[in-house]
Amino acid sequence: MVLGVILGAVFGAVFGYIIGWLLGFFPNFSNALVSGLQAFGIPIGAMGGLAPFLAAVGFILGLLGGIISMLARKH
1 MVLGVILGAV
11 FGAVFGYIIG
21 WLLGFFPNFS
31 NALVSGLQAF
41 GIPIGAMGGL
51 APFLAAVGFI
61 LGLLGGIISM
71 LARKH
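Quick note: the sequence shown, position 29, residue 29 per the UniProt record's numbering, numbers continuous.
As structure tokens, this is what we get:
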């Protein structure tokens with residue numbers, strides 16, 4: 001069960017990084033997305049760019065998804 005949570009977090013981080021890397025090929029969309037996130041106060045520039053940010057978001061979502069899945073299987 002714990003391994004599933006860890007794997008979900010790792011796969012979420014890898015998937016988020018790949019999506020961020022692919023978005024780098026579309027600079028207009030990427031710049032608009034980064035500008036929008038910076039308008040909300042998220043310091044994307046301090047994190048190193050869009051790919052590491054999306055990797056962090058993917059890690060958190062994968063972790064939460066794994067925990068929710070684990071809790072749903074218990075009941």
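Even for Gly, the Cβ is constructed at its ideal location relative to N, Cα and C. Please read these numbers as outputs of a predicted model, since none were measured by experiment.
Local conformation of methionine 47 per DSSP, three classes: Within the sequence shown, the letter at position 47 stands for residue 47. Residue state, collapsed to three classes: helix.
Inter-stretch contact (C-beta, 8 Å, three-pair minimum) for the region 38 to 49 and the region 63 to 75: Cβ pair count under 8 Å is below three, so no.
Collapsed DSSP secondary structure at methionine 70 in the structure displayed: Here residue 70 is taken as the residue at index 70 of the sequence shown, counted from 1. Reduced to three states, the DSSP call for methionine 70 is helix.
Local Cβ density within 10 Å of alanine 9, reported as buried at 16 or more and exposed below that: The residue labelled residue 9 in the question sits at position 9 within the sequence shown. Classification for alanine 9: buried.
Three-state secondary structure (DSSP) of glycine 4: The residue labelled residue 4 in the question sits at position 4 within the sequence shown. It is helical.
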